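Chains as they are written, first to last, in the numbering used here: chain B, 289 to 511; chain D, 289 to 511.
As structure tokens, the structure follows; a few thoughts come after it.
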DNA sequence: TTTTATTTTTAGATTTGTCTAAAATAATAT
DNA sequence: ATATTATTTTAGACAAATCTAAAAATAAAA
């Protein structure tokens, strides 16, 4: 069933993620950056993935993921996110600690294992970072969230996710106790730099635009 | 901490297991057989493991695992067996289904993950096949069990483990409902071929010597 | 529309783990 | 004790994934 190497799976995952950020096709160098490797290595791999019909690849023209490739990518993402839920909910890891472990666990091949894990976790729809978990067929619920940076002063919001997944960013949020599920209200928005003062459980602190941009929320009460 | 490849880990595990069966040093061809590969490949790997001081290797003289190599092997075995407990106890897999999945899971590197898993499972001392689970330092409880084949007619025994782990053998036992925890009494031992008639919950059936040899038991009541 | 700069691809090496076939060593049998 | 057989190691090759450096193609600027 899963006739792909771990490396191929990782490339597909990266291409899938980049496809959701890029308008047209994904270019070689952006894949190289996101995989921390060289463009030459990426080109080699693109040929291999194209041979397997997981991507459409035209020399010098970049890459588009195929339906088939997308299904493979979504299955890896499904595993990754379910393992993240397991690690936080069952083994009580913090949400900013689980990514690396899930990167290894996502390549464990058994689909039956992941089906049972999903049932054991009671069919969660989102991972600890608020990202949706694809079902077996690759379908995923879209969480219609907005960026905290586009919120209004005086309004209460519930954090539903993050727009950036780097360990540095997550640990920064963790320091303030900010994570999905937490309620924040915007106390004041500074005109000159769009930074904001927010209130969380009586505590107030300052968030730069860079940070508030990457905090995803819904209006409080609307779930 | 774990600077070894998955392949190196698998070789070490195989060598460790063979060391427990062999009197003196482990020879190349037995490793090749147990790894389903060629002697040439084994020789190549032995050099690499010797360079890392995980084994003592003398050309043409076979191999002895070092203290350091044993620690690595025991850590893999620890992970393997804890994951097997997780798969059976938590995800409700049958004891004869979990080996292959555990072979993948055992290479997930995080020691913290396995520590938490162990605690979550309430520090099990044996895996679903009755094999002891090493602790963090590599120590393991020895289960002083005997082979059912050396049992006496008219006596009741509790199954504690198996002496052979092939899927074929485990599925054969599963068919009769035989697995660790089950109580069997020996109804009769046939003189001519040492086969035996056993009783399990009112049902009687016949076990060949080949099978009874590989069923490990304790006298009923003695745990 | 040339020239320049950037991006992408090729060419050729390297590393890991594997293989087959041949050579070297050890074990066994006469 | 020597010949035969079996085991183990070497030699040389290959596939996967990577790299650096150079060539080719595309995009941007003059």
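Quick reminder that beta carbons are idealized off the backbone N, C-alpha and C, glycines included.
As the structure is a prediction and not an experimental result, all values here were calculated from the model.
- Taking the beta carbon of residue 404 (chain D) as reference, the chain B residues within 8 Å of it are 379, 380, 381, listed in sequence order.
- Here the alpha carbons of residue 324 (chain B) and residue 495 (chain B) stand approximately 30 Å from one another.
- For residue 484 (chain D), the three-state secondary structure derived from DSSP is strand.
- For residue 389 (chain B), the nearest beta carbon of chain D is closer than 8 Å to its own beta carbon.
- Between residue 293 (chain B) and the set B:436, B:416, B:414, B:394, the nearest pair of CA atoms involves B:394.
- Under the DSSP assignment, residue 506 (chain D) falls in the beta strand (DSSP E) whose first and last residues are 503–507.
- When secondary structure is reduced to three states using DSSP, residue 475 (chain B) falls in the strand class.
- The bridge partners DSSP lists for residue 435 (chain B) are B:504.
- In chain order, 353, 357, 358, 361, 362, 365 place their CB closer than 8 Å to the CB of residue 304 (chain D), counting only its own chain and leaving out the 5 sequence neighbours on each side.
- Within the region 393–478 of chain B, the runs of beta strand (DSSP E) that reach at least 3 residues and sit entirely inside it are, in chain order, 444–450, 471–477.
- A straight line joining the alpha-carbon of residue 504 (chain B) with that of residue 406 (chain B) spans about 25 Å.
- In this structure, DSSP gives residue 353 (chain B) an extended state, which the three-state scheme calls strand.
- Less than 8 Å separates the beta-carbon of residue 474 (chain B) from that of residue 440 (chain B).
- For residue 393 (chain B), the residues of chain D that pass the 7 Å Cβ criterion are 396, in the order they occur in the chain.
- Setting aside the 5 residues that flank it on each side, residue 299 (chain D) is surrounded in the same chain by 333, each with a C-beta closer than 6 Å to its C-beta; the list follows chain order.
- Residues 302 of the same chain have their beta carbon placed closer than 6 Å to that of residue 322 (chain B), with the five preceding and five following residues left out of the count.
- Here residue 294 (chain B) carries a helix assignment [DSSP, helix/strand/coil].
- Contacts between residue 408 (chain B) and chain D, judged by CB atoms closer than 9 Å, involve 378, 379, 380 in chain order.
- Against chain B, the CB of residue 401 (chain D) has a partner CB under 8 Å away; the residue lies at that interface.
- Shown here for residue 414 (chain B): same chain residues with a beta carbon closer than 7 Å to its own, the five before and five after excluded, namely 420, 421, 431 in chain order.
- In the DSSP assignment, residue 319 (chain B) falls within the alpha helix (DSSP H) that extends over 316–323.
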